[in-house]
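Below is one structure; the comments refer to it alone.
Residue numbers (the numbering used here): 3 to 169.
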């Protein structure tokens with residue numbers, strides 16, 4: 003579960019799709035070449051958010067996973083909306099629940115995740131990652147929306163989920 007607490011209220015969803023990004027062997031990783039001001043949160047400590055702005059219009063949220071000094075993160079690609087659905091609808095300007103969090107930019111908009119949360123702890127108070135319902139079958143595919151490292155099978159989603167960005 004990814005939970006966003008804000009003055010507007012709580013918005014939360016079950017993580018159903020992710021992509022992994024690892025430096026040194028992954029040219030699509032923001033940390034592939036070196037540490038920069040932009041990618042600094044990827045270098046740890048783990049349990050932090052790496053939030054970045056892309057395509058001049060969308061924020062993306064990653065969960066930093068490795069020990070400090072070993073840059074790696076998991077991009078949250080899609081959520082099954084569970085809490086704060088009306089708030090998500092207002093933030094996104096759409097009514098159809100299926101469209102609220104079915105992509106990394108959409109879910110950041112729905113949860114109100116932006117640059118101010120870059121480096122935020124995933125244990126609160128603004129962002130929380132909590133255990134959710136068990137996933138019974140996970141599909142692994144190549145990542146989408148990138149031009150480098152496209153052959154790496156590091157996209158994972160829940161089989162049969164109606165909430166993923168695309169199959």
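Backbone N, C-alpha and C define an ideal beta-carbon position, used for all residues, glycine too.
Computed from a prediction, not measured in an experiment: that's the story for all the values here.
- Out of 168, 169, 5, the CA that lies nearest to the CA of residue 86 is found in 5.
- By the CB criterion at 9 Å, residue 49 and residue 65 fall inside the cutoff.
- For the beta strand (DSSP E) assignment, the uninterrupted runs of no fewer than 3 residues enclosed by the region 48-82 are, from N- to C-terminal side, 51-56, 60-66.
- The alpha-carbon of residue 25 is positioned some 6 Å away from that of residue 74.
- Residue pairing by DSSP places residue 125 opposite 130 in a beta bridge.
- Between the region 128-135 and the region 102-110, the count of Cβ pairs shorter than 8 Å is below three; the stretches do not touch.
- The Cβ atoms of residue 147 and residue 29 do not sit closer than 9 Å to each other.
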